[in-house]
Amino acid sequence: MSILINQNTRILVQGITGKTGQMQTRLMLEAGSQVVAGVTPGKGGQEVCGVPVYNTVAEAKAAHDFDTVVCLVPPRATRDCCLEAMAADVSLMVVCTEQIPKHDVAQILAVAERTGTTLVGPGCSGVIVPEVCKAGSHPVRFFKHGNVGVVSKSGALSYEAGKTLTDAGIGQSTVVGIGGGPCFGFTQKDAVELYQNDPETRVIVLLGEIGGRLEEDAAAFIAQGVTKPVVALIVGRNAPQGKSLGHAGAIVSGNFGTASTKIEALRSAGAAVVSSPDALVRAVQAALEKTEEGRN
Amino acid sequence: MNLFEFEGKQLLAEYGMKVPRSAMVDDRTHAPLPYPFVLKAQTLSGGRGKAGGIRICRNADEFARNSEEIMALTVKGQPVCGLMAEQAVEISREIYLSITLQASSAPVLIACASGGMEIERLAAQEPDRILRLPLDPFTGLSEAQLAQVIHFLGLTAQSDAHSVIRSLQDCFFGTDALLVEINPLGLVGGELVALDAKIELDGNAAFRHAELFERIRAGRAVLQNYREEKSDGTTITFVPLDGDIGLISDGAGTGMLTLDMLTDQGGRVASFCELGGTTPASTMYKAMEYTLGSGRKLKSLLIVLIGGFNRMDDMANGIVSYMHDYGLDLPVFVRMVGNMEEVGIQIMADAGLKTYSSLSQAVTAAVDAAAGRE
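Here it is in C-alpha cells:
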C-alpha cells in the first residue's frame, strides 16, 4: 500500500491548459496516474493529452468520478479554485501554487478543515507513489518502489532524498512534499501517522528545515508511540538569523525555529538524525536491515 | 510590506480609529504643530523609544536639536527615514491590541490589558494577562468574541470599545494585512486612541490593492532619508554571506542542504541564492549576475539544480547565455538533474560545461577548488 494516493486514485487538474498545467498533466499520465478531467474556465471542450477540459469543477464532476484535485492555477485564482474543488466533495487536494495571499491561504485551510478534505500544500510538490502514480511534480526518474515512506517540506529536497535512496537501490512506498510554509494543511506529523499505519512502509524518512514548529510537533507524536524507525534530516543548520531562505517559512528568529531545537526534539523522540544525503542512505539501510532481522 | 507609523495611523484613521493630531516634518526649521509636541522617528524597526527616537519638543531650540539628533540615529540597524510631529497627550491607561496572520494559519487577535512593551516580552513575563483568539478567516470576530475581548480588557464601561476593535479588524481584513498592531492603544481624555501603529501588508495580495500600494509608495516622498527597495520582478531570494563559494539552487530545501554540506566540508559560502518557483532562463541569468557581480572575488561557484517544475533546458540556457555575455573566469560546478535534463546537459556540454549528477561529488569539487586543491 501507500499513503494518500494509490492505483485507484482519479485526478482532476485545475489550470490544465496553462503551460505548467499541460506539462505536469503529461508527466502525471506518464507516471501512471489516472487524470480523468481538467478545468480551465472558458476552455471547456478542449483536450490536453487526451484529457477532457471543462469550464467548472461541477461540470467535470457530472461527467467523471474523481477523488483528488491537483491545483496548478496562478496565485490570484487559487482561493476560488480550491473552494470550488472542495465544494465538489473531493477527499484530497494538492495545491502546488506558491505566493498565494495569506488571507486566501487561511480561508482555504479553514474550508479544508470544515469539509474534512486532506489538503497537501500550498506551495508543495505533492505526492508520488513510485512506479504507480503521482499527484504533483515529483520527477519519476528519481524514485523507485519500495518500503521507505518519505515526507519533506521542500519539494526539491524530497527529490534529492528520493534520488539518493534510489541510486543506492532503496525504494520508497510514498514520497510527500508538503510545502515550505509558513502555513500547512497536511503536516509532517500527519504523514508520520499514516506511514506508521501503512503496512508497506518499514522506515520513515522525515526531511525538515528551519522555521516554525512542525518538526517539533512530529517529534512529540513520534515519542508517543511510533514504532517504526524514523530517520530525519534537518537543513538550514548554517542559516543566518532573521533571513528567509527561499521558503517564507524558513526563518530563524531568536531561539525559535532553529535547526538545533528540531534536531534535539527528534533525537529525544528516538529518531536517527543525519546531516547529509549519504548519511541518510546509511541510516535508512541500517534501519531496513534491523526491521528485516525483526521479521526473521 | 512594512508600513511606517505615519502610514499605519493614516490607514487606521481611514477605518475609523481615533489617532492623535500629527504632521510630518518636511522643514526642520519650521514647527509643523504648536508646541509642545512629540517628535517621533519614522523607522521600520521596533524599539525606537529606547534608542532615543521619541522626544518631546517644547520650543524651537528643542525642536532643532531633537530633529537633528533623531535623524542621526540608527535603530536596531535600521535608519531613521523621517520625522513625525504628534500632539502631546495625557494618557491614563495603555492597552495592547493586534491581529496577526504572520506565523499562524488563521488570524489571531492578541490583547493585553497593559500595553507599551514589546508583546514578546509581555508574553514571556505575564502570559496569563494575554488573550489570544483565533478568528474565522471569512467572518472575523464573532459577537461573543468581541464581548470576550472587551471584558478581558476591562473596557465594558468604555462606549467606544466596540468600534475600536471593529476598526482594527476592518483594517486587517480590508487591506489583506499580515499584522495590524496598536501598541499602545491609549485612554486619552476618556477616549481610546491609537498611539502607535505597526502594519505589515501582504505583497502577494498587492494585486487586490493596487491603488493602496501605489498611494503608500507615492506618500513616501515626504521621508527625507528613504530609498525604495526596487523589486527585480523575479522570485529570487539572495542572501549575502561572508565566504568565497557562490551558491545557486533551484529549491530552498536543497539550497539549505547544500549550504550545510559545503560548511560541513570546510567551505565558506559567499551567498545563498534560490531561484524560487518555476523559473525561466532569465531568472537563472539574473541569479548569476547577483552571485558573481557582488564585487567579491569568488573562488568557485556551485549551481545545484533538481528540476520538478523547473526545466533543465531553461536553466542551461540561462547559464550559457550568462557565460557568453560575461565569460566565466572561475571554476563552476553544476549539478543538473530532473525535468528535461537530457536537453539541459546537452546544452551545457555544447558550451563546454561539465555537469554532475551526484550532489555530494559536486559539493566536494566546489570546496576543493575554493581551497586550491585539484
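Protein sequence lines correspond, in order, to chains A and B.
In terms of the working numbering, the first sequence has 274 at position 265, counting the first letter as 1, and numbering is strictly consecutive.
In terms of the working numbering, the second sequence has 613 at position 362, counting the first letter as 1, and numbering is strictly consecutive.
All C-beta atoms in this analysis are idealised placements derived from N, C-alpha and C, irrespective of residue type, glycine included.
Which listed residue (B/MET512, B/CYS524, B/THR530, B/GLY518) has its alpha carbon closest to that of A/ASP287: B/MET512
DSSP three-state call for A/ILE109: helix, strand or coil? coil
Interface partners of A/PRO139 on chain B, CB under 9 Å: Chain B residues near A/PRO139: none, gap ~14 Å exceeds 9 Å.
Excluding the 5 residues preceding and the 5 following A/GLY145 in the sequence, name in chain order all residues of the same chain whose CB lies nearer than 6 Å to its CB. These residues qualify, in order along the chain: VAL103, SER134, GLY135, VAL136.
In whole angstroms, give me the CA-to-CA distance for B/GLY603 and B/ASP515. 30 Å
Straight-line CA distance for B/GLN338 to B/PRO271? 6 Å
What residues match up with B/TYR347 in a beta bridge as DSSP calls it? B/CYS363
Would you please state the rounded distance, in angstroms, between the beta carbons of A/VAL283 and A/ALA292? I believe it to be under 8 Å. 5 Å
DSSP beta-bridge partners for B/PRO330? The partner list for B/PRO330 (beta bridge, DSSP) reads B/THR325.
Contacts of B/SER611 in chain A (Cβ-Cβ under 8 Å): Residues of chain A with a Cβ closer than 8 Å to the Cβ of B/SER611 are, in chain order, SER285, PRO286, ASP287.
What in chain B is Cβ-close to A/PRO148, meaning under 9 Å? ILE557, GLY558, GLY559, VAL588, GLY589, ASN590, GLU592
Between the segment 491 to 508 of chain B and chain A, which residues of the former have CB atoms less than 8 Å from a CB of the latter, in chain order? LEU492, SER500, ASP501, GLY502, ALA503, GLY504, THR505, GLY506, MET507, LEU508
Positions along the segment 29 to 52 of chain A whose CB lies within less than 9 Å of some CB in chain B: THR29, MET32, GLN33, LEU36
May I have the straight-line CA-CA distance separating B/GLU442 from B/ASP411, to the nearest angstrom? Taking the straight line joining both Cα atoms gives about 7 Å.
If we cut at 8 Å on Cβ distances, does A/LEU275 have a partner in chain B? Cβ-Cβ to chain B under 8 Å: no for A/LEU275.
Assigned secondary structure, A/CYS133 (DSSP; H/G/I helix, E/B strand, else coil): coil
Answer yes if the segment 138 to 155 of chain A comes into contact with the segment 200 to 207 of chain A, meaning at least three C-beta pairs across the two stretches below 8 Å, and no otherwise. no
Based on DSSP bridge pairs, tell me the residues matched to A/VAL62. A/GLY47
A/SER161 versus chain B: which residues are under 7 Å apart at the beta carbon? GLY504
Can you tell me where the alpha helix (DSSP H) with A/GLU224 in it begins and where it stops? A/GLU224 -> alpha helix (DSSP H) spans 223 to 232.
Among the candidates A/ARG246, A/SER161, A/VAL184, whose CA atom is the shortest distance from the CA of A/ALA227? A/SER161
Beta-carbon proximity of B/ILE350 to B/GLN409, cut-off 8 Å: no
What did DSSP end up calling B/GLU394 once you bin it into helix, strand or coil? helix
Taking the alpha carbon of B/GLY301 as the point to measure from, which residue in B/ILE321, B/ASN310, B/LEU284 has its own alpha carbon closest? The residue you asked about is not Gly; residue 301 of chain B is Lys in the sequence shown. Ranking the options by Cα distance to B/LYS301, first place goes to B/ILE321.
With a threshold of 8 Å between beta carbons, is A/GLN294 in contact with chain B? no
Among B/ILE381, B/PHE458, B/GLU341, nearest to B/VAL444 - alpha-carbon criterion: B/GLU341
Selection of the segment 413 to 431 of chain B by Cβ proximity to chain A, strictly under 8 Å: Of all residues in the segment 413 to 431 of chain B, those with a C-beta nearer than 8 Å to a C-beta of chain A are PHE424, ASP427, LEU429, reading in chain order.
May I ask you to list, following chain order, the residues of the segment 326 to 353 of chain B that have a beta carbon less than 9 Å from some beta carbon of chain A? LEU352, GLN353
Which one of B/VAL415, B/GLU479, B/GLY528, B/GLY497 has the shortest CA to CA distance from B/ALA503? B/ALA503 has its Cα closest to that of B/GLY528, out of B/VAL415, B/GLU479, B/GLY528, B/GLY497.
Which word fits A/GLY277, buried or exposed, when buried means at least 16 other C-beta atoms lie within 10 angstroms of its C-beta? The sequence as given places Ser at residue 277 of chain A; Gly does not occur at that position. So A/SER277 ends up on the exposed side.
CA-CA distance, A/ASN64 and A/ALA170? 38 Å
A/ALA119 versus chain B: which residues are under 9 Å apart at the beta carbon? SER356, ALA357, ASP387, PRO388, PHE389
Quick one: what's got a C-beta closer than 6 Å to B/GLN475's C-beta in the same chain, skipping five residues either side? GLY333
Local conformation of A/HIS147 per DSSP, three classes: coil
Given B/GLY542 as reference, the closest of B/LEU290, B/ILE487, B/LEU360 once Cα atoms are compared: The displayed chain sequence assigns Thr, not Gly, to residue 542 of chain B. Checked all of B/LEU290, B/ILE487, B/LEU360; the closest Cα to B/THR542 is B/ILE487.
Is any beta-carbon of chain A found at less than 8 Å from that of B/GLY527? yes
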